[in-house]
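Student: Protein chains in written order, with UniProt numbering: chain G, 1 to 404; chain E, 1 to 404. Where is the CB? At the ideal position from N, CA and C, for every residue including glycine.
1) Bridge partners of residue 372 of chain E, per DSSP?
2) Would you list, in sequence order, the uninterrupted alpha helix (DSSP H) runs of no fewer than 4 residues that lie entirely inside the stretch 90 to 133 of chain E?
3) Exposed or buried, which one is residue 2 of chain E when buried takes at least 16 other CB atoms within 10 Å?
4) Check whether the stretch 121 to 140 of chain E and the stretch 169 to 188 of chain E are in contact - that is, three or more C-beta pairs closer than 8 Å.
5) Using beta-carbon positions only, say whether residue 234 of chain G and residue 322 of chain G come within less than 8 Å of one another.
6) Does the beta-carbon distance from residue 87 of chain E to residue 212 of chain E come in below 8 Å?
7) Would you identify the three-state DSSP class for residue 210 of chain G, choosing helix, strand or coil?
8) Pop quiz: residue 287 of chain G and residue 76 of chain G are said to be a contact at Cβ under 8 Å. What is the actual Cβ separation, rounded to whole angstroms?
9) Let's see if you can read the secondary structure: which residues bound the beta strand (DSSP E) around residue 350 of chain G?
10) Determine whether the beta carbon atoms of residue 184 of chain G and residue 80 of chain G lie at a separation below 8 Å.
11) Can you grab the Cα-Cα spacing for the pair residue 190 of chain G / residue 160 of chain E, in whole Å?
12) Quick check on residue 178 of chain G: buried or exposed, where buried means 16 or more other Cβ atoms within 10 Å of its Cβ?
13) Would you call the CB atoms of residue 60 of chain E and residue 238 of chain G closer than 8 Å?
14) Measure how close the beta-carbons of residue 293 of chain E and residue 55 of chain E come, nearest whole angstrom, since I'm counting them as under 8 Å.
15) For residue 5 of chain E, count neighbouring C-beta atoms within 10 Å of its own C-beta (all shown protein chains included) and say buried if the count is 16 or more, exposed if not.
16) In this structure, does DSSP put residue 387 of chain E in helix, strand or coil?
17) Nearest-angstrom Cα distance between residue 130 of chain G and residue 260 of chain E?
18) Please specify which runs of the beta strand (DSSP E), each continuous and at least 3 residues long, are wholly inside the stretch 232 to 318 of chain E, giving them in chain order.
19) Whole angstroms is fine: what's the gap from residue 283 of chain G's alpha carbon to residue 98 of chain G's?
20) Taking the alpha carbon of residue 249 of chain G as the reference point, which residue from G:115, G:400, G:110 has its own alpha carbon closest?
21) Is residue 65 of chain G close to chain E? Criterion is C-beta to C-beta, closer than 8 Å.
22) Is residue 224 of chain G closer than 8 Å to residue 247 of chain G when the C-beta atoms are compared?
23) Just the C-alpha distance for residue 354 of chain G and residue 370 of chain G, rounded to the nearest angstrom, thanks.
24) Any Cβ of chain E within less than 8 Å of the Cβ of residue 392 of chain G?
25) Could you tell me the distance, in whole angstroms, from the CA atom of residue 389 of chain E to the CA atom of residue 8 of chain E?
26) Given this structure, state the Cα-to-Cα distance separating residue 158 of chain E from residue 240 of chain E, to the nearest angstrom.
27) Please classify residue 217 of chain G as buried or exposed, where buried requires at least 16 other C-beta atoms within 10 Å of its C-beta.
28) Of the residues E:386, E:397, E:146, E:280, which one's Cα is nearest the Cα of residue 266 of chain E?
29) Who are residue 173 of chain G's beta bridge partners in DSSP?
30) Short check: CB of residue 20 of chain G to CB of residue 382 of chain G, under 8 Å?
31) Taking contact to mean at least 3 C-beta pairs separated by less than 8 Å, is the stretch 131 to 143 of chain E in contact with the stretch 307 to 315 of chain E?
32) Which bits of chain E does residue 134 of chain G rub up against, with CB to CB less than 7 Å?
33) When the Cα of residue 102 of chain G is compared with those of E:113, E:258, E:14, which residue comes out closest?
34) Indicate the three-state DSSP secondary structure (helix, strand or coil) for residue 325 of chain E in the structure shown.
35) Among G:379, G:252, G:332, which residue has its Cα nearest to the Cα of residue 276 of chain G?
Quick look at the structure:
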């Protein structure tokens, strides 16, 4: 059955999250038809602009240095706890915001490796996000470890079976992305975590394409460590700080970037580093207060929507995208590179054609913003808080015209 | 001769930078008498609030993902170059903004150590800023190196003579702060760098209390590496990203936090990390765009004022502070803990009394914001762009009343 514009409008009419779109700033760009890149950079919430202006005037400008003792210093953990509660299934005291995803990954993987002395391998997959792969290679290089690469199906991601075949008594850490950045494939976090643990290894999950889009149960699944970014589905702004999760039982492990904000009683400025209690010891430098404001706002919008409803809408959006693609784009040679099973899909859908790079450029010209992903992918990011079904329909209409 | 309020007003009348004070937001706090903490957290420039609002609406909100290819990705080096030109005596291509000072320190010290294999010592001083000491201890611990501590005169900082006595053929790196955070003592960067080099070691200078307050000549003095923060004299906002300087000849050294933004041709997302060319290989994660806007504005205000004139005013402010302290506060037992020679003083002046912690609390109550620095210091930060002589006079008046 051919999905129609009326279907799209009907889906929007029944969308319980539709009203939240008005909470984001509209683009001042008449040529913009559809923004299918909210999974790369989320749109700005209106309240974030207000928060920033108010913060500069009333907090930074008026409380000045006093602000640090009036709550700023606690923001990494306070916002972290909120992300943990709203998005991650994590009890308080295990999530902290600050640094980039890359720096967070470096810290938690180093800490994880230190918990398994004598084990010589870090397991990850060849299709993991580049920064994850580079961090793993760097750590392996400096510590004399080996990277054990899983060669995954390029349309999917690492499976429990694949992990089973590579982990063993030499595996220190298994680190994977929960949702594959290329295809949207959702890894089986429960099974893979269990398999890693049975081999005596620890897991580090990258949640960049999960957080704010589908529920995660870090505590419930016995996950050891996780990291994630906030500028995708949390809509916190370009380059907004990332978060890290350190399961309570691992918080005595040491990460190598010892800095003053991770020290016990930081403002004693005492001799000799001693780690702070809890997840705070995974902080290093001064918290990026201004940059965290967007994170605070983003997580509250997710809380208001409810991560369950967000997940439902993500599934509906990707299902509609798949139906439209099958009907209108497959005949043009644009094949689906994402899982057909909705349970295996995150918040984006990827199509594949050899001229993807040129097509992406033409789509940008035509006002449909998507992501090119090498070598042949066109990634349609569907952000439940900001993408409407009609927007998606219009996008596919333009893709159809452009690709014909 | 007793300095008077008229003297202060006369100094303000002749201050060529006085008009720049109007470029900063006033505090909405009627009880605030004086802000002598701009060297801990600089005040917000008016234009920064406008930049943030405009960026959210017109850039993030409208250009959306396209912004990355329209300049955002180059911001770390573009703003870095500008800091280098305006503040650091650094030719383009050697300074990059991003991460915290702590993370930057970790990267450059690791890179520096890697350039001197076989040498087993890192030299720093016992009174260096805490995060510097903790980073050095952490690196020494993980690499099996030794920290060689210089015990400095608590009223000053490391001297060339002291460095001479500790460096030798086992010294890999000498890392010190240019301006001591406690006393404002200005280290002899030229002599110490030369001494380190004569011993075959590299230098890493922390410029947190220098940048934007006094001119630095990194290229001219053959400095190897430097880091600095932007939320003090660059007024970039609480927790704004730091910068690192990597002398061109050292840019092939590797830093351990390998991330996608430091890779050659990052958006190819290719297999295997290969460092980008130039200082870019010292980047790791996604650049903190929103947080860098304040840095961009801050450095332009310094450029407009001129770092030479800023240094002159810093000298005049600290001289006036010393004269006032000698005249009105020394009789109350508040002794000077900063150098008397203006050439040896940065932008702040520290007084000492046993009850400094209680006195600082009382001063805060009375609307004079200063910094307590353990164990007995009251630090008066004098920010040339925002502090007036009358404000300083009023502050000392309140200190006098409070300390009597």
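Tutor: The structure says:
1) E:378
2) With a minimum length of 4 residues, the continuous alpha helix (DSSP H) runs that stay inside the stretch 90 to 133 of chain E are 101 to 114.
3) exposed
4) yes
5) no
6) yes
7) coil
8) Contact holds; Cβ gap of about 5 Å.
9) Unbroken beta strand (DSSP E) run through residue 350 of chain G: 348 to 352.
10) no
11) 59 Å
12) It counts as buried.
13) Judged by beta-carbon spacing, residue 238 of chain G lies within the 8 Å limit of residue 60 of chain E, meaning their Cβ atoms are closer than that value.
14) Contact between residue 293 of chain E and residue 55 of chain E holds: their C-beta atoms lie close to 6 Å from each other, under 8 Å.
15) Flag for residue 5 of chain E reads exposed.
16) Residue 387 of chain E falls in the coil class under three-state DSSP.
17) 6 Å
18) 243 to 246
19) 7 Å
20) G:115
21) yes
22) yes
23) 16 Å
24) no
25) 5 Å
26) Going from the Cα of residue 158 of chain E to the Cα of residue 240 of chain E covers about 28 Å.
27) exposed
28) For the residues E:386, E:397, E:146, E:280, the minimum Cα distance to residue 266 of chain E belongs to E:280.
29) G:122, G:202
30) no
31) no
32) 258, 259, 260, 263, 273
33) It is E:258.
34) helix
35) G:252
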